[in-house]
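Residue numbers (this note's numbering), protein chains in the order written: chain G, 7 to 427; chain Y, 205 to 712.
For glycine and all other residues, C-beta sits at the position ideal for the given N, C-alpha and C.
Only one structure is covered here, and it is reproduced in the block below.
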């Protein structure tokens with residue numbers, strides 16, 4: 007009896023040990039990635055850029071967090087204590103673009119997500135690995151869904167309050183206010199302070215419309231990151247679908263996709279983007295994303311195609327076919343996860359590339375007219391010849407792009423088994 | 205090899221055709237209307253100013269914008285289709301009823317067509333041209349509303365005009381001239397047969413009986429099409445086939461802006477872009493291969509790490525930013541005025557001599573010096589990014605070969621280290637770098653837009669940029685097609701060079 011009991015406990019112990027030591031493919035890559043410190047810290051740099059993008063209104067907005075207005079100052083209904091900053095975040099008078107409203111929503115949802123994420127991480131040791139993975143997946147999908155829902159509601163609500171000029175109000179000595187660090191809007195034109203040199207009020211000076219350049223660069227982070235990520239998401243999706251179809255099914259599908267790719271790579275991409283852009287009358291940043299997304303998929307498609315061609319002949323896929331699994335399951339569970347590594351690397355470099363394309367478009371004056379894009383500030387620099395207007399946006403682009411490229415480098419090396427440390 | 209090259213060149217034609225179809229569709233189906241410098245948006249907006257209207261119509265005719273894009277089905281139009289458009293125009297001209305007074309034949313404000321719809325109707329019926337003459341005649345003869353009949357008659361006097369042969373071409377043949385004289389006389393006659401604003405039903409009846417009905421009776425067989433006619437109309441009387449008909453004769457059309465042939469304008473600008481690109485590619489290869497080889501040879505040494513990091517930084521620096529900065533620091537005179545601020549040639553460096561008034565006065569030597577003086581900054585801006593990416597490829601290429609057995613063999617048989625690296629490793633390791641040549645060309649041509657814009661070089665990129673702002677369709681098509689042909693040849697060249705360098709590859 008004891009023997010059996012002993013073997014069973016030994017088995018259980020062995021199972022527990024195996025589970026503790028078990029490493030998924032993702033874990034292995036992650037561990038490898040951490041061995042490239044430059045790339046690892048660059049990843050945190052990109053995360054910080056994202057945080058800055060989200061927190062831009064906390065740092066700079068022309069609306070106070072708190073305002074106490076005594077009777078008899080300004081309009082009658084303004085008397086009393088206000089927290090105008092919170093409503094201004096979703097007010098169309100201050101933020102027109104859906105992009106800004108999305109990021110403003112993240113100011114509130116991001117901390118919640120962060121806390122839950124930390125809690126999940128802490129529970130990793132206490133619960134079974136499989137449960138942890140399931141919880142993590144569930145959290146990511148539900149939180150994404152919830153945020154999209156909240157955003158949709160806010161966006162179509164079209165909230166708009168009567169406009170109050172809080173900066174002038176604050177000038178009145180009887181009104182007490184608490185403003186964000188910088189009291190500037192990224193788009194309000196101020197013709198009394200045009201092309202100022204940097205000083206303690208305007209860290210990077212002002213542009214030709216008297217807008218604070220530092221504020222515009224802060225808000226420009228939102229545009230650059232979003233355009234990069236969304237454009238690349240669009241073309242990665244197209245590329246993975248087309249490349250996957252071509253690689254897995256071969257024959258005429260492959261022929262058609264290859265012809266399409268061949269035709270697309272013959273265009274100088276930037277000319278094509280310029281042409282497409284030329285026929286949109288009043289482009290928003292979403293048009294720019296769509297244009298970059300629709301023209302950039304060829305690289306990913308070729309990559310995924312070759313990965314699929316390679317993987318299709320491997321034993322584990324042949325085994326899956328022999329087991330009689332459905333085509334859908336083979337593609338999505340067996341082939342696709344193994345093909346996605348290089349796609350991820352390519353997408354990271356792609357985000358950097360898309361940011362550069364957007365910056366060049368805005369620089370040429372073909373970007374969205376009112377958005378505080380970095381390229382557009384660079385144009386102001388070109389026209390005024392002021393160093394700070396060239397250096398500030400240029401370095402912002404440079405820093406973002408090099409951080410992304412470093413992350414991509416690290417990811418590529420981490421994925422390469424030959425370079426494993 | 206020759207067979208392969210010929211095969212590749214033959215394969216270029218279907219690709220080129222497909223590409224032109226795509227460009228054509230993108231350009232023609234995109235929203236937004238073409239405008240010319242002589243015809244502003246008001247011409248299309250204001251339905252009353254008939255002169256602007258007429259010149260807009262001629263503009264559309266000249267550039268085939270009145271034709272459907274791919275397929276022409278206008279021979280299927282019925283009287284009801286034509287009547288619907290005329291009704292919109294007629295209703296728009298009717299007075300609006302008000303509570304106070306109701307003028308004769310008035311229409312409630314909510315029943316009146318929207319102005320956008322009116323402009324569209326005007327355009328549509330204008331574009332239909334001679335196809336709807338029988339329907340218009342029928343409406344003018346039998347409709348019950350005076351205003352519609354009046355409109356139909358006035359439309360007829362425009363739509364029934366036939367087009368002259370080779371009207372905008374360079375030279376006409378004697379037969380064409382005879383035919384054109386005949387058509388012009390008829391058009392002149394027809395254009396006078398209009399109805400005034402205050403026309404009455406009996407007046408219309410007499411005008412029809414005296415002029416249009418007999419005219420249509422004698423010329424009506426022009427509209428009796430058989431199946432062959434209809435098929436040829438469907439496929440050949442379209443913008444696409446007209447454009448391709450012209451392309452087959454290497455006629456890219458004329459620019460909307462100054463009415464000069466697009467091909468001439470492109471050919472004027474192409475040398476600048478090509479010079480810029482070839483210099484950029486040449487210098488990129490010249491510097492990147494030694495750098496890549498060297499850093500691979502010193503793999504993982506501190507020097508290699510520094511070079512890699514610097515190259516990555518270069519790779520991430522946007523060229524337009526560097527260009528602007530260089531211009532601002534070294535060309536504007538603040539702090540330095542070492543270089544000219546833009547252009548392709550013209551100024552000479554101060555140490556070399558006095559710059560002549562125009563490039564025409566320069567000797568060849570002067571011109572070369574001037575051009576290199578002007579091109580130093582732009583070529584640098586286009587090159588450094590290429591150096592960064594190419595030398596990385598060169599590095600990995602050499603790393604792949606340097607551990608191969610034949611390198612060990614070469615060392616073992618006592619060859620000198622230079623011999624081993626240069627003759628054995630580099631020649632084999634650089635093959636992947638060479639294939640990048642084909643993909644670099646489109647990227648550089650595209651990238652040169654920004655550099656040409658910053659340094660104000662009158663190349664193809666700047667031309668493209670200006671054409672897009674002017675919505676100059678023919679020019680955009682022309683630039684895209686020419687640059688695609690260049691790319692195709694670039695790809696071919698890189699494939700051939702691949703075969704020359706790598707003996708393992710044989711295309712026979």
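{"Asked": "How many angstroms separate the CA atom of residue 132(G) from the CA atom of residue 507(Y)?", "Found": "47 Å"}
{"Asked": "Give the interface partners of residue 15(G) over in chain Y, defined as CB-CB distance under 8 Å, in chain order.", "Found": "Here the premise fails: no neighbours, minimum Cβ distance about 49 Å."}
{"Asked": "In or out: residue 111(G) buried (at least 16 other Cβ within 10 Å) or exposed?", "Found": "buried"}
{"Asked": "Would you verify that the beta carbon of residue 273(G) is, or is not, closer than 8 Å to some beta carbon of chain Y?", "Found": "yes"}
{"Asked": "Alpha carbon to alpha carbon, what distance is there between residue 538(Y) and residue 154(G)?", "Found": "51 Å"}
{"Asked": "Please look up how many angstroms separate the CB atoms of residue 26(G) and residue 67(G), rounded, as I've assumed it's under 8 Å.", "Found": "With a Cβ gap of about 49 Å, residue 26(G) and residue 67(G) do not count as contacting."}
{"Asked": "With a CB to CB cut of under 8 Å and the five nearest residues on each side skipped, what residues in its chain are close to residue 404(Y)?", "Found": "350"}
{"Asked": "Could you name the residues of the same chain whose beta carbon sits closer than 7 Å to that of residue 545(Y), not counting the 5 residues immediately before and after it, in chain order?", "Found": "531, 535 and 536"}
{"Asked": "Across which residues does DSSP place residue 707(Y) in a beta bridge pair?", "Found": "According to DSSP, residue 707(Y) bridges with nothing at all."}
{"Asked": "Is residue 630(Y) close to chain G? Criterion is C-beta to C-beta, closer than 8 Å.", "Found": "no"}
{"Asked": "Would you mind sorting residue 205(Y) into buried or exposed? The rule is 16 or more other CB atoms within 10 Å of its CB.", "Found": "exposed"}
{"Asked": "Between which two residues does the beta strand (DSSP E) carrying residue 423(Y) extend?", "Found": "Counting along the chain, residue 423(Y) falls outside any beta strand (DSSP E), though it belongs to the alpha helix (DSSP H) covering 417-423."}
{"Asked": "In whole angstroms, what is the alpha-carbon distance linking residue 337(Y) and residue 674(Y)?", "Found": "34 Å"}
{"Asked": "Residues in the region 592-603 of chain Y with C-beta within 7 Å of chain G's C-beta atoms, listed in sequence order?", "Found": "none"}
{"Asked": "Where does residue 256(G) sit, in a helix, a strand or coil, going by DSSP?", "Found": "coil"}
{"Asked": "From the DSSP output, which residues share a beta bridge with residue 88(G)?", "Found": "73(G)"}
{"Asked": "In angstroms, rounded to a whole number, what distance separates the CA positions of residue 215(Y) and residue 268(G)?", "Found": "12 Å"}
{"Asked": "Could you give the DSSP three-state label for residue 465(Y): helix, strand or coil?", "Found": "strand"}
{"Asked": "Between residue 683(Y) and residue 470(Y), which are expected to be in contact by the criterion C-beta below 8 Å, what is the C-beta distance as a whole number of angstroms?", "Found": "6 Å"}
{"Asked": "Would you say residue 252(G) reaches chain Y, if we count a Cβ-Cβ gap shorter than 8 Å as a contact?", "Found": "no"}
{"Asked": "Compare the C-beta of residue 393(G) with all C-beta atoms of chain Y and state if any pair is closer than 8 Å.", "Found": "yes"}
{"Asked": "If residue 663(Y) and residue 477(Y) are in contact, beta carbons under 8 Å, what's the gap, nearest whole angstrom?", "Found": "4 Å"}
{"Asked": "Quick one: Cα of residue 308(G) to Cα of residue 249(G), how far?", "Found": "6 Å"}
{"Asked": "Sort 390(Y), 323(Y), 343(Y) and 599(Y) by Cα distance to residue 509(Y) and report the nearest one.", "Found": "599(Y)"}
{"Asked": "In whole angstroms, what is the alpha-carbon distance linking residue 306(Y) and residue 402(Y)?", "Found": "19 Å"}
{"Asked": "Please identify the residue among 210(G), 148(G), 288(G) and 69(G) whose C-alpha is closest to the C-alpha of residue 90(G).", "Found": "69(G)"}
{"Asked": "Just by C-beta distance, which residues in the region 32-61 of chain G are closer than 7 Å to chain Y?", "Found": "none"}
{"Asked": "Could you check which residue in 347(G), 83(G), 406(G) and 394(G) has the C-alpha nearest to that of residue 428(G)?", "Found": "The structure shown has nothing for residue 428(G), since chain G only spans 7 to 427."}
{"Asked": "Could you name the residues of the same chain whose beta carbon sits closer than 8 Å to that of residue 5(G), not counting the 5 residues immediately before and after it, in chain order?", "Found": "This structure cannot speak to residue 5(G), because chain G is shown only from 7 to 427."}
{"Asked": "In this structure, does DSSP put residue 393(G) in helix, strand or coil?", "Found": "helix"}
{"Asked": "Decide yes or no for the touch test of the region 364-377 of chain G against the region 273-290 of chain G: beta carbon pairs closer than 8 Å, at least 3 of them.", "Found": "yes"}
{"Asked": "Would you decide whether residue 312(Y) is buried or exposed? Buried here means 16 or more other CB atoms lie within 10 Å of its CB.", "Found": "exposed"}
{"Asked": "According to DSSP, is residue 182(G) part of a helix, a strand, or is it coil?", "Found": "strand"}
{"Asked": "Starting from residue 66(G), follow its DSSP beta bridges and name the residues at the other end.", "Found": "188(G)"}
{"Asked": "Output the residue ranges of the alpha helix (DSSP H) runs that lie fully inside the region 655-682 of chain Y and measure 4 residues or longer, sorted by chain position.", "Found": "664-674"}
{"Asked": "Just the chain G side, please: which residues come within less than 8 Å of residue 505(Y) by C-beta, in chain order?", "Found": "Here the premise fails: no neighbours, minimum Cβ distance about 17 Å."}
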